[in-house]
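Written below as structure tokens is the structure these notes are about.
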Amino acid sequence: MRRCSICGEEKIVSESLGVCVDCIRENFDKCLPFIKKAHYRARKKYNLPLEIPQDENGIQCEICGNGCKIGEGEKGYCGIKENRNGRIVGKGIREGNLSFYYDPLPTNCVASWVCAGCSENGYPDYSYTKGAEYGYKNLAVFYHACSFNCLFCQNYHFHNYISSDISISPEELSSYVDEKTSCICYFGGDPGPQIIHSILTSEIALKNKKGKFLRICWETNGNLNKKYLEKMVEISLKSGGCIKFDLKSYDERLNIALCGVSNKKVLENFRFAASFFNERKNPPLIVASTLLVPGYIDEEEIKKISEFIAEINPSIPYSLLVFYPEYYMDDLPITPRQKVFSFYEIAKESGLENVNIGNLHLI
Ligand SMILES: [Zn+2]
Numbered sequence: 001m002r003r004c005s006i007c008g009e010e011k012i013v014s015e016s017l018g019v020c021v022d023c024i025r026e027n028f029d030k031c032l033p034f035i036k037k038a039h040y041r042a043r044k045k046y047n048l049p050l051e052i053p054q055d056e057n058g059i060q061c062e063i064c065g066n067g068c069k070i071g072e073g074e075k076g077y078c079g080i081k082e083n084r085n086g087r088i089v090g091k092g093i094r095e096g097n098l099s100f101y102y103d104p105l106p107t108n109c110v111a112s113w114v115c116a117g118c119s120e121n122g123y124p125d126y127s128y129t130k131g132a133e134y135g136y137k138n139l140a141v142f143y144h145a146c147s148f149n150c151l152f153c154q155n156y157h158f159h160n161y162i163s164s165d166i167s168i169s170p171e172e173l174s175s176y177v178d179e180k181t182s183c184i185c186y187f188g189g190d191p192g193p194q195i196i197h198s199i200l201t202s203e204i205a206l207k208n209k210k211g212k213f214l215r216i217c218w219e220t221n222g223n224l225n226k227k228y229l230e231k232m233v234e235i236s237l238k239s240g241g242c243i244k245f246d247l248k249s250y251d252e253r254l255n256i257a258l259c260g261v262s263n264k265k266v267l268e269n270f271r272f273a274a275s276f277f278n279e280r281k282n283p284p285l286i287v288a289s290t291l292l293v294p295g296y297i298d299e300e301e302i303k304k305i306s307e308f309i310a311e312i313n314p315s316i317p318y319s320l321l322v323f324y325p326e327y328y329m330d331d332l333p334i335t336p337r338q339k340v341f342s343f344y345e346i347a348k349e350s351g352l353e354n355v356n357i358g359n360l361h362l363i
């Protein structure tokens with residue numbers, strides 16, 4: 001417990017933000033200096049632009065959902081795109097700044113309770129076995145950049161590699177898909193800033209799969225350019241993969257406080273991608289998740305997110321992820337057990353038919 005710098009009440013408040021969820025909702029303008037301070041501190045450390053660049057004379061970057069207008073010699077919010085001599089250059093198209101590894105199936109993927117690689121779903125059209133595909137593996141592709149700046153980032157180590165020389169072509173990456181690789185999952189960071197690289201890799205890998213199963217999945221914050229999201233939907237649909245949207249929050253103010261930027265695009269994109277859900281329900285094309293950040297992602301937030309999903313399609317699987325203290329929010333506790341179950345009830349009551357609790361081992 002800590003005192004909120006605005007209302008002065010003792011609440012669950014992370015020292016990095018200094019303000020409570022109620023003040024973020026009701027007194028956002030007063031909270032804004034605290035929010036900016038927290039995000040600027042995190043971003044300065046890695047030499048990242050403090051805000052989404054909006055240089056009037058800059059070039060519009062159209063890769064992810066941030067819509068940076070990058071001035072000459074400046075970088076985009078993600079840190080890997082740059083305006084050099086009037087052109088947007090940087091990793092993420094023919095050169096990927098990423099790391100990868102094989103993950104034996106079943107994995108701890110966010111969609112594991114419903115996906116074709118880890119559950120009973122998808123057999124026989126998209127997987128080799130009726131249950132988890134033992135003996136097969138996932139090619140896990142971790143992109144070293146992100147379009148968000150989550151203070152609770154659970155994979156924050158990627159920040160050290162944003163400016164690295166790592167460069168892997170789509171051809172090279174796809175060549176790691178061997179006989180026993182039955183899915184690829186792109187995550188990070190976020191695949192958003194390097195989304196074209198992931199699409200090119202997928203196209204090559206699918207062309208070379210020779211009658212084998214190869215499901216293509218993305219795990220993303222959903223802050224994407226819609227034209228690439230359309231492509232992702234097409235690829236995941238035909239390959240039996242899924243697009244996993246990590247919906248951090250519903251309230252835009254809360255998203256700005258926790259993740260540095262708006263979630264307007266995210267919600268629009270989710271609605272768009274989910275409109276294809278009924279085209280292939282087994283395994284589900286779209287899966288949603290939310291990290292249960294103590295003190296911030298509360299009952300009200302879970303209710304709003306759940307109702308948002310249920311209103312689009314109550315069959316969309318939703319996973320509530322138990323929070324583990326990391327990065328700038330390492331002073332918050334693990335989500336308390338009774339909270340996790342009350343959020344579960346709220347999600348069910350909103351009409352969602354398939355709610356899961358992820359990271360249950362933590363509680
Ligand atoms: Zn407060």
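Start counting the sequence shown at 1; every next residue gets the next number (the numbering used here).
Even glycine gets a Cβ: it sits at the ideal position worked out from N, Cα and C.
Given the structure is predicted, the values throughout are model-derived calculations rather than measurements.
- If you draw a straight line from the Cα of Ser262 to the Cα of Gly65, it is about 10 Å long.
- Beta-bridge partners of Gly188 (DSSP): Tyr143.
- Rounded to whole angstroms, the separation of the alpha carbons of Cys23 and Leu139 is 43 Å.
- Pairing Leu247 with Thr290 gives a Cβ-Cβ distance under 8 Å.
- Rounded to the nearest whole angstrom, the CA to CA distance from Cys4 to Glu15 is 9 Å.
- Within the stretch 143 to 225, the beta strand (DSSP E) runs of at least 3 residues that lie entirely inside it are, in chain order, 181 to 188, 215 to 220.
- Exposed is the label assigned to Gln60, since fewer than 16 other Cβ atoms lie within 10 Å of its Cβ.
- Arg94 is bridged by DSSP to nothing; it lacks a bridge partner.
- Across the set Lys91, Tyr77, Glu72, Gly76, the C-alpha of Glu72 shows the shortest separation from the C-alpha of Arg84.
- Comparing C-alpha distances from Cys109 to each of Cys217, Asn255, Tyr228 shows the shortest one belongs to Cys217.
- Within 7 Å of the C-beta of Asp251 there is not a single heavy atom belonging to ligand 1.
- In this structure, DSSP gives Tyr318 an extended state, which the three-state scheme calls strand.
- Leu105 and Asp55 have their C-alpha atoms some 46 Å from each other.
- Contact fails between the stretch 82 to 101 and the stretch 117 to 125, because fewer than three Cβ pairs, one in each stretch, are under 8 Å apart.
- Of the heavy atoms belonging to ligand 1, at least one sits nearer than 7 Å to the Cβ of Ile6.
- When the five nearest sequence neighbours on each side are left out, the beta carbons in the same chain lying within less than 6 Å of the beta carbon of Ile195 are those of Tyr228, in order along the chain.
- Distance between Asn356 and Pro314, taken at the CA atoms: about 14 Å.
- Residue ranges of uninterrupted alpha helix (DSSP H) with 4 or more members, entirely inside the stretch 214 to 283 and ordered along the chain, are 226 to 239, 252 to 259, 264 to 274.
- One thing to note: Tyr143 has its Cβ no nearer than 8 Å to the Cβ of Asp103.
- With fewer than 16 other Cβ atoms inside 10 Å of its own Cβ, Phe341 counts as exposed.
- Of all alpha-carbon atoms in Leu352, Asn149, Gly135, Asn27, the one lying nearest the alpha-carbon of Tyr40 is that of Asn149.
- Taking a cut-off of 8 Å for Cβ pairs, the stretch 343 to 363 and the stretch 311 to 331 touch, as three or more such pairs fall below it.
- Taking a contact as a CB-CB distance under 8 Å, the pair Ser350 and Ser306 counts as one, their CB atoms being some 4 Å apart.
- Secondary structure of Cys64 (DSSP, three-state): strand.
- Taking all protein chains in view, the Cβ of Glu10 is surrounded by fewer than 16 other Cβ atoms within 10 Å, so the residue is classified as exposed.
- Excluding residues up to 5 positions away in sequence, Glu120 lie with their Cβ nearer than 6 Å to the Cβ of Gly131 in the same chain.
- When DSSP states are grouped into helix, strand and coil, Ile297 belongs to the coil group.
- When distances are taken from the beta-carbon of Glu15 to the heavy atoms of ligand 1, even the shortest one reaches 7 Å or more.
- Put simply, of Glu203, Tyr123, Leu267, His361 the residue whose alpha carbon is nearest the alpha carbon of Phe308 is Leu267.
- Assignment of Pro33 by DSSP, reduced to helix, strand and coil, places it in the helix class.
- Residue nearest to Leu206 within the set Pro193, Leu224, Pro170 is Pro170 (criterion: CA-CA distance).
- Contact between Asn269 and Leu224 holds: their C-beta atoms lie close to 6 Å from each other, under 8 Å.
- By the neighbour-count criterion, in which 16 or more other beta carbons inside 10 Å mark a residue as buried, His197 falls on the buried side.
- The bridge partners DSSP lists for Lys137 are Pro104, Thr181.
- For Glu353, there is no enclosing alpha helix (DSSP H), as DSSP gives it neither H nor E.
- In the structure shown, Val110 falls within a coil segment according to DSSP collapsed to helix, strand and coil.
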